[in-house]
DNA sequence: ATGGAAGTTGACGCAGCGTCAAGGTCAAGC
DNA sequence: GCTTGACCTTGACGCTGCGTCAACTTCCAT
């Protein structure tokens, strides 16, 4: 009593529809497990067989998948709990946001490539195009926080030329004063050093574009001055940088803790 | 012999750097497991401690992660096996391709929304804007394959107005002939029916924009004519659609197997 | 001493299948 | 009737980058 292969066959094996629809048998089993597509018949041996209606359903699933919908959403649409248009509208919003993020990321990558190719270092030393940045390394340090990197850039570009010059001048002054203080043998907890730390703090707060400069961030920065030779060099070597770090730490303990 | 909390502390607990860098302790452990960031010291109790150099390293990792690089790539960059610029260039290419796919997907979703909102059905019945499509339903059927959906659309838009009219006329003729043949009681394997199947095949091949029309695709389409009432209606009900399907199947067996 | 905050390792979860692994079925050729 | 090879089954791990318990241990302050 076997079913002879008749002329107008109306069902196919799993591989056959898979190929017909341009997908794989694994995917079909997955869809079944997800409750999206049941075989029209299952043989006594467990083999799955699919008919035209299944193929139709499968095509719908694949169409929606191609548009990027998740299997769960697709399930809702298929069983009519959600209109296709509504689901797609929701999905479209997600896609648009995704695109925005991608665009921003692409821009960021491009800028970082630019910076590293010119500067040779991973962390951009040369974000300030129009200036002779070899003279102004310090400001770079301030943007090492990762959010600060992105936000700080917007902040910087929002400034006028005059404001930028002021800010750079300010930073140079600050660095010089640090070096002087370190060289003069002042203690990190002296009034002099603490005043410098205070200036450093407010200068940073201004540069962070509304981003709060917290205890961890401030002291962390101090540590990095010591850890990174490119920076410590600007502060008179490890010793000088250590002095800056200590002073900043004390300031943080007193005012930010 | 405990280490007293001295003035210039140079290391922090896992939570402290995590907060300072704007991430979580779990992430730090993950990076360690991934070989990206080792604590500067591990206490006898298993506690992890990190110093300034670690913080520096962490910032680099987070910067790259923000740009979308995978941890593996980041690892290569950090240990100098890949230049940052090179890695970012590669990554940029990926991002650009990703953006392309996203754009296409967005366009497709928009069109599908349009179509379903006007047509009410998920499968777009109205892809042919300028025409009185209520008269031309058949062509829609041909684009059910999912790649065909996207590619077929580009194909269609690449045609001139004249070519479109020809194609539509052709499709209408074909449908009428099918209906006539079915009504006249012709057998599916008759010369007449097989000639219609041949026309159907070539008409499809033309419509698929270079996409091959294989055995599975062709027979599957026939099955769908029967399974979907919207289509079978156009072929004189289930009986007529069954006739078309059978004829297509025989044609496929003879010429596409 | 004790309670609460913070640390540890271990392991599951997620999205959508790809990809073995180990074994049953089926049609065909000898 | 037996072997071969193609195709089928279920089961389970893998991938990405952590989030999120769970079950304990340690540290610090009262």
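Chains as they are written, first to last, in the working numbering: chain A, 601 to 857; chain B, 601 to 857.
Here a beta-carbon is modelled for each residue, glycine too, at the ideal position from N, C-alpha and C.
As the structure is a computational prediction, the values presented were derived from the model and not from experiment.
- Between the stretch 682-692 of chain B and the stretch 642-650 of chain B, the count of Cβ pairs shorter than 8 Å is below three; the stretches do not touch.
- At least 7 Å separates the CB of residue 627(A) from every CB of chain B.
- Between the alpha carbons of residue 800(A) and residue 677(B) lies a gap of roughly 32 Å.
- Separation of residue 651(B) and residue 804(A) (C-alpha to C-alpha, rounded to the nearest whole angstrom) is 22 Å.
- Ranked by how close their Cα comes to the Cα of residue 684(B), the residues 697(B), 670(B), 696(B) have 670(B) in first place.
- The beta-carbon of residue 781(B) is placed no less than 7 Å from the nearest beta-carbon of chain A.
- Among the CB atoms of chain B, none fall inside 7 Å of the CB of residue 682(A).
- Closest in alpha carbon position to residue 619(A), among 797(A), 642(A), 658(A), is 658(A).
- Between residue 783(A) and residue 793(A), the C-beta gap is not smaller than 7 Å, which leaves the two residues out of contact.
- Contact annotation: residue 702(B) and residue 660(A) have beta-carbon atoms that are not nearer than 7 Å.
- The three-state secondary structure of residue 648(A), taken from DSSP, is strand.
- Contacts between residue 624(B) and chain A, judged by CB atoms closer than 9 Å, are missing: the closest CB pair is about 13 Å apart.
- Residue pairing for residue 611(A): DSSP places it in a beta bridge opposite 651(A).
- In this structure residue 704(B) is not in contact with residue 668(A), their Cβ atoms being roughly 10 Å apart against a cut-off of 8 Å.
- Counted as a single uninterrupted DSSP element, the alpha helix (DSSP H) harbouring residue 627(B) occupies residues 625-633.
- In the structure shown, residue 641(B) adopts extended strand secondary structure according to DSSP, grouped into three states.
- Taking the C-beta atoms as reference points, residue 636(B) is found no nearer than 7 Å to residue 823(A).
- Around the beta carbon of residue 628(A), 16 or more other beta carbons lie within 10 angstroms, which makes this residue buried.
- Scanning 666(B), 710(B), 672(B) for the CA closest to the CA of residue 707(A) turns up 666(B).
- One thing to note: residue 847(A) has its Cβ no nearer than 7 Å to the Cβ of residue 819(A).
- Around residue 709(B), the beta-carbon contacts reaching into chain A at under 8 Å are 667, 668, 688, 691, 692, 695.
- Secondary structure in the stretch 670-718 of chain A: no beta strand (DSSP E) run of 3 residues or longer lies completely within the stretch.
- Among the residues of chain A, those whose CB is under 7 Å from the CB of residue 698(B) are 702, following chain order.
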